[in-house]
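A.B. asks:
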Amino acid sequence: MKKNSILTILPLLIFVIFFLGCGIYYQDFYAVPSPIAAVVGIVAAFILLKGNLDEKTDIFLKGCGDGKILTMCIIYLLAGAFAMVSKASSSVDSIVNLGIAYISPDFFPVGIFIMASFLSFASGTSVGSIVTLGPIIIELAEKTNSPLGLIGASLLAGSMFGDNLSVISDTTIAATQSMGCEMKDKFRENFKLAFPAAIITIAILIFAGFQSEGSAAILLETENYNLLLILPYLLVILLSITGVNVFVSLFSGIIFSGILGLIYGKFDGMGLAKHTYEGFTSMTEIFLLSLLTGGLAAMVEHAGGINYIMKKINGIISSKRSASLGIGGLVGVANLCVANNTIAILISGKIAKKITDQYQLRPQASASVLDIFACYVQGLIPYGAQVLILISLSRFKIQYIDLFLHSYYLHLLIVITLLYIVFNKNLKTSE
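Heads up, the sequence shown is in numbering that gives the first Met the number 0, so the first residue is 0 and it goes up one at a time.
(1) Does the distance from the CB of A364 to the CB of E181 come in under 9 angstroms?
(2) On the DSSP bridge list, what partners appear for L139?
(3) Between the Cα of V31 and those of G22, V130, V38, spot the shortest distance and give me the residue it belongs to.
(4) Please report the residue range of the alpha helix (DSSP H) in which S518 lies.
(5) Can you give me the start and stop residues for the alpha helix (DSSP H) that Q398 sits inside?
(6) Just mark Q176 as buried or exposed, buried being the case when its beta carbon has 16 or more other beta carbons within 10 Å.
(7) By DSSP, does V166 sit in helix, in strand, or in coil?
(8) Would you tell me roughly how many angstroms separate the C-alpha atoms of N340 and T275, rounded to the nearest one?
(9) Is the CB of I35 under 9 angstroms away from at least one CB in chain D?
(10) In the structure shown, what three-state DSSP assignment does R394 receive?
(11) To the nearest angstrom, report how far apart G260 and L226 are at their CA atoms.
(12) Going along the chain, which residues of its own chain have a beta-carbon closer than 8 angstroms to the beta-carbon of Y388, five neighbours each way excluded?
(13) Kindly list the residues whose CB is nearer than 7 angstroms to the CB of K185, restricted to its own chain and excluding five residues on each side of it in sequence; keep chain order.
(14) How would you call K484, buried or exposed, if buried means at least 16 neighbouring beta carbons within 10 angstroms?
(15) At what residues does the alpha helix (DSSP H) containing V15 begin and finish?
(16) Just curious, the alpha helix (DSSP H) that V299 is in, first and last residue?
(17) Could you tell me the distance, in whole angstroms, from the CA atom of L9 to the CA atom of M178?
(18) Could you give the first and the last residue of the continuous alpha helix (DSSP H) run that contains C63?
(19) Between H410 and I58, which are expected to be in contact by the criterion C-beta below 8 angstroms, what is the C-beta distance as a whole number of angstroms?
(20) Exposed or buried, which one is Y263 when buried takes at least 16 other CB atoms within 10 Å?
(21) What did DSSP end up calling A30 once you bin it into helix, strand or coil?
(22) What is the DSSP secondary structure of A373, reduced to helix, strand or coil?
(23) Does the Cβ of T200 have 16 or more other Cβ atoms within 10 Å, making it buried, or fewer, making it exposed?
(24) Going by other Cβ atoms of all chains shown within 10 Å of its Cβ, with 16 needed for buried, is C269 buried or exposed?
(25) What are the start and end residues of the alpha helix (DSSP H) that includes K86?
(26) Whether or not the region 76-87 and the region 279-288 are in contact is what I'm after, with contact meaning three or more pairs of Cβ atoms, one per stretch, closer than 8 angstroms; do they touch?
(27) With D105 and F209 assumed to form a contact (beta carbons below 8 angstroms), what rounded beta-carbon distance in angstroms separates them?
(28) Can you give the Cα-Cα distance for A216 and A207, rounded to whole angstroms?
(29) Within the continuous alpha helix (DSSP H) that includes T416, where are the two ends?
(30) In whole angstroms, what separates the C-alpha of L218 from that of E141?
(31) Where do the ends of the alpha helix (DSSP H) carrying F117 lie?
(32) Taking C-alpha atoms, which residue in F255, F246, N423 lies nearest to K319?
(33) Candidates F194, A202, G325, T143: which alpha carbon is nearest K310's?
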C-alpha cells in the first residue's frame with residue numbers, strides 16, 4: 000500500500016459508513032453506540048494498514064494516550080460530574096422555574112429562546128435543555144394557543160446556542176483541544192459571531208410573539224426557585240471565560256454545587272459521591288469514543304491518510320478564507336454523515352488542525368468555525384437527536400419544516416460566520 004493513497008483513509012471511511020449505515024437501517028442514529036462503530040474502524044485499520052501487529056498496536060496506544068486526547072477525556076468527566084451534581088441540587092429546576100415565572104404569552108418565543116440559551120450555556124448540553132424544557136413549553140404553547148412550530152424552533156435554536164458557545168459543551172471541549180487553543184480564546188472568538196445573531200433573533204422573536212394569536216392567560220403554575228442554586232453555573236462560566244484553568248473551573252463548580260446540595264438537604268455526603276460518579280459514567284460513551292478515535296486517527300495519520308486528505312483539500316484551497324471555509328465544509332459533511340456534532344469534530348479535528356497550521360490560521364478562529372458549522376448542521380438535520388426529541392415530545396404535532404424555517408438564530412449564525420470569513424482581514428495567526 001502506497002502512502003497517500005485512498006486506501007490509507009479506508010479505516011476512517013469504514014467507521015463513518017458503518018455508523019451512518021446502522022443509523023439509516025435502524026432509523027435511529029443512536030441505535031449503535033458510537034464507540035462500537037469506532038472499534039469497527041480500528042479493526043479495519045489493523046487489517047488493512049501496513050506494518051506488523053506490534054508496531055500498529057504501539058501507534059494505536061500512543062494515539063489513545065495523546066496528551067490532548069487525555070485532557071479532553073478528563074474534562075468530559077468533570078463536566079459530567081458538574082452537570083449531575085448541579086442537577087441533583089435542583090439548580091436546573093431553579094433556572095427553569097425562574098424563567099417560566101416571568102414569561103408572558105406575548106413574549107413566549109423570545110422568552111423560551113433566552114431561557115433555553117441560558118440553560119444550555121450553563122449546562123453545556125442542547126439535548127438536556129430540550130428534554131428539560133420541552134414538555135413545559137409544549138404545554139404552554141398548547142394551552143395558550145401559541146404557534147407550536149415557532150415555540151419549538153425557539154427552544155431548538157436556544158438550545159443550540161449553548162451547545163455551540165458553552166465552555167463545558169462537548170463540542171467546545173473537542174474543538175479547543177483539537178485546535179490546541181484556550182477555551183477563553185475560543186469563547187471570545189465565537190461570542191463575536193453568536194452575540195449579534197442572538198440579538199437579531201431576539202428582535203425577530205419579539206415581533207413574532209406580538210404577531211401571534213395566542214391567549215393572554217397564564218395557565219401553568221410554577222414552583223419556587225432559589226437564586227442561590229443558580230450561582231454554581233455562573234461561577235463556572237465566570238471562571239472559564241476569565242481564563243482560569245478549566246480543571247479548576249469545573250472542580251470549583253462541583254464543590255460549590257455539592258455544598259449547596261448538602262446545605263439544602265438535597266443529598267448527603269454519600270449521595271454527593273454517588274452523583275459525582277454518575278456524572279462520570281454519563282460521559283462513558285464520549286470518553287471511550289475520544290480515546291478510540293484518537294488511536295484510529297493516529298494509525299490513519301501514520302499510514303499517510305491525513306496527508307492524502309490534505310493533498311486533496313489543498314487542490315481546492317487557495318487562500319486563508321477558502322481554508323476556513325474548507326474546515327467548515329469538512330465538519331459539516333462529517334456531521335451530515337454521523338448526525339452527531341461532537342463526533343464530527345473529532346473526525347475532522349486532525350485535518351482541521353493541519354489546515355490551520357499550514358495556512359497560519361488562528362487556532363481559536365478555526366475552533367469556532369468547527370463548532371459553529373457542526374452545531375448548525377446538527378441543529379437542523381431531520382435525523383438529529385435534537386429535532387427528533389423535540390418532535391417526539393410534541394407527539395408529532397410540531398412539523399420539521401416549521402422548525403427549520405423558524406430557527407432564526409441558527410440561520411443568522413451561519414450567515415454571519417460566512418460573512419466574517421469572507422470579509423475578515425485578520426484570519427492569520429497573530430504574532
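Where a beta carbon is used, it is the ideal one built from N, C-alpha and C, also for glycine.
C.D. replies: In this structure, then:
(1) E181 is positioned such that its CB atom lies no closer than 9 angstroms to that of A364.
(2) Bridge partners of L139: none, in fact.
(3) Selected option, being the one with the closest Cα: G22.
(4) Nothing in the structure corresponds to residue 518, since the chain is present only between 0 and 430.
(5) Neither: Q398 is in no alpha helix (DSSP H) and is coded neither H nor E.
(6) buried
(7) coil
(8) 25 angstroms
(9) No chain D is present in this structure, which holds just one protein chain.
(10) Of the three classes helix, strand and coil, the one that applies to R394 here is coil, per DSSP.
(11) In a straight line, the C-alpha of G260 is about 13 angstroms away from that of L226.
(12) Note that residue 388 corresponds to Ile in the displayed sequence, not to Tyr. Closer than 8 angstroms at Cβ, skipping near neighbours: V126, I129, V130, G133.
(13) T171, A174, T175, Q363, A366, S367
(14) Since the displayed the chain opens at 0 and closes at 430, residue 484 lies outside it and no answer follows.
(15) Run containing V15: 9-25, per the alpha helix (DSSP H) assignment.
(16) 283-302
(17) 24 angstroms
(18) 52-63
(19) Between I58 and H410 the Cβ distance is about 42 angstroms, and since that is not below 8 angstroms, they are no contact.
(20) exposed
(21) Of the three classes helix, strand and coil, the one that applies to A30 here is coil, per DSSP.
(22) helix
(23) T200 should be labelled buried.
(24) What sits at residue 269 in the sequence shown is Met, not Cys. Exposed.
(25) That run of the alpha helix (DSSP H) goes 66-87.
(26) yes
(27) The beta-carbon separation of D105 and F209, rounded to 6 angstroms, stays under the 8 angstroms limit for a contact.
(28) Any reading at A216 is ruled out, since the residue's pLDDT is 43, under 50, leaving its predicted position unreliable.
(29) Per DSSP, T416 belongs to the alpha helix (DSSP H) from 407-422.
(30) Because L218 carries a pLDDT of 43, less than 50, the predicted location of this residue cannot be relied on, and the following value inherits that uncertainty. Rounded to whole angstroms, L218 to E141 spans 10 angstroms at the Cα level.
(31) 107-122
(32) The option with the nearest alpha carbon to K319 is N423.
(33) Of the candidates F194, A202, G325, T143, the one whose C-alpha sits nearest the C-alpha of K310 is G325.
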